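So the structure is just underneath, and the comments pick up after that.
In the UniProt record's numbering, the protein residues as written are 1 to 172.
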């Protein structure tokens with residue numbers, strides 16, 4: 001069962017970003033950081049992550065977006081500030097559709113959520129530093145099976161699952 005770690009909005013945290021990478025790198029196919037790390041692109045803590053620029057990332061080496069495939073599933077990653085995700089998911093889902101992506105990962109709002117929009121799954125892992133809407137500092141794990149079920153689980157930095165945020169869905 002393919003698995004992906006998704007984090008965002010770490011805002012200067014280095015130890016925690018590195019700890020998540022060290023803990024999960026042998027358990028997942030991909031590590032994703034959705035922006036606002038506030039670290040240099042080449043910072044050792046960020047190496048190994050597919051990473052994009054957030055509105056607080058000033059290193060010009062960060063790309064604005066990333067598209068890639070994991071185990072046959074197309075991903076689109078952007079921070080979300082350029083898509084106004086605090087107001088609507090329509091712009092980011094449209095951009096992802098242009099890239100044939102069914103999984104969309106973003107940050108910016110610091111609000112942990114998994115939302116199905118048509119045949120797309122939009123995941124905001126929340127923030128591991130400055131959560132909004134809830135007290136828990138969160139990240140997400142996405143996995144999927146051969147039957148086409150996608151499972152999103154949210155966790156606190158201490159590893160405890162935030163069960164009321166979990167989602168299981170199909171993308172057809």
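Just so it is clear, CB atoms sit at the ideal spot from N, CA and C, and this is done for glycine as well. For clarity, every value in this text was computed on a predicted model and none was experimentally measured.
Counted within 10 angstroms of its Cβ, other Cβ atoms place residue i as buried (16 or more) or exposed
i, result
"residue 155", "buried"
"residue 130", "exposed"
"residue 149", "exposed"
"residue 138", "buried"
"residue 21", "buried"
Which of helix, strand or coil DSSP assigns to residue i
i, result
"residue 97", "helix"
"residue 14", "coil"
"residue 60", "coil"
"residue 41", "coil"
Bridge partners - residue i, DSSP secondary structure assignment
i, result
"residue 241", "The structure shown does not extend to residue 241, since the chain spans only 1 to 172, so no value can be given for it."
"residue 67", "76"
"residue 161", "155"
"residue 150", "144 and 169"
"residue 30", "4"
"residue 114", "123"
For residue j and residue i, the rounded distance between their alpha carbons
i, j, result
"residue 103", "residue 76", "6 angstroms"
"residue 115", "residue 123", "7 angstroms"
"residue 38", "residue 109", "16 angstroms"
"residue 144", "residue 120", "14 angstroms"
"residue 157", "residue 9", "13 angstroms"
"residue 88", "residue 99", "19 angstroms"
"residue 42", "residue 62", "9 angstroms"
| request: Determine, using beta-carbon pairs with one atom in the segment 56 to 63 and one in the segment 13 to 22, whether at least three such pairs fall under 8 angstroms. | output: no
| Three or more C-beta pairs closer than 8 angstroms, one from the segment 36 to 52 and one from the segment 83 to 96: is that the case here? | no
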